[in-house]
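Engineer:
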Amino acid sequence: MAYEGTPGGSSPGIGIPQLAACLLIGYLFFRWYNSSPPPASSAAGSAPSSAAAAAHRRPPTAQDLARLQQRAEIVHGMFPQISLSSIKWELQKNGGSVEITTEKILAQGFLPEVRRAFDHPRVMVLMYRL
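If you count the sequence shown from 1, position 60 lands on 96 in my numbering, and the numbers rise without skipping.
1) Which of helix, strand or coil does DSSP assign to I141?
2) Enumerate in chain order the residues of its own chain whose CB-to-CB distance from E149 is below 7 Å, with the five nearest sequence positions on each side excluded.
3) Assuming V134 and R94 are in contact, meaning their beta carbons sit under 8 Å apart, how far apart are those beta carbons, in whole angstroms?
4) Considering only residues of the same chain and omitting the five flanking positions on each side of A87, which have a CB-CB separation below 8 Å?
5) Measuring only from the beta carbon, is Q99 closer than 7 Å to any heavy atom that is part of the ligand GTP?
6) Would you report the Cα separation of S78 and T97, rounded to the nearest angstrom?
7) Could you compute how far the alpha carbon of A102 sits from the alpha carbon of V111?
8) Output the boundary residues of the alpha helix (DSSP H) element that contains Q99.
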């Protein structure tokens with residue numbers, strides 16, 4: 037049985053389109069196989085669940101409280117119209133990131149007000165234990 041389309045009667049080899057398709061499928065499989073699994077967080081993707089976050093919390097040290105106060109003063113220097121308690125609350129919620137807090141203020145124009153009791157260090161310690 038000779039193939040009639042090729043000289044010498046040999047069977048046809050793999051063509052360029054078939055080779056390109058095989059390489060594309062191989063590349064996509066390689067990327068899928070080596071990709072990291074998606075994070076197991078909520079659909080929002082930004083904050084872990086409260087139960088998981090509570091499991092990893094530890095009581096704040098004096099150094100942690102001083103660092104929070106220092107970061108709050110930095111943000112308050114940029115936005116003096118925002119209260120320190122609101123800034124501390126936001127810093128506490130987002131893990132102490134000045135950048136995230138600044139972006140939130142710029143995007144919204146404000147931070148939600150919190151009770152003044154939050155300014156007391158003992159209340160801050162209790163926040164970590166919730």
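Beta carbons are placed, not taken as given, at the ideal position from N, Cα and C, and that holds for glycine. No experiment lies behind these values; they were computed from the predicted model shown.
Structural biologist: Based on what the coordinates show:
1) I141 falls in the helix class under three-state DSSP.
2) For E149, where only same-chain residues beyond five positions count, the Cβ hits under 7 Å are S119, S122.
3) Rounded, the Cβ-Cβ distance is 21 Å, inconsistent with contact.
4) In this prediction, A87 has a pLDDT of 43, which is less than 50 and means its spatial position is unreliable; what the coordinates show is noted afterwards. Cβ neighbours of A87 beyond the five flanking positions: none.
5) As presented, the structure is devoid of all ligands, the ligand GTP included, so that no description of it is given.
6) Reliability fails at S78, whose pLDDT of 48 lies under 50, so the model's placement of it is uncertain and the value that follows must be treated cautiously. Straight-line Cα distance between these residues: approximately 29 Å.
7) Approximately 14 Å between the Cα atoms of the pair.
8) Counted as a single uninterrupted DSSP element, the alpha helix (DSSP H) harbouring Q99 occupies residues 98 to 114.
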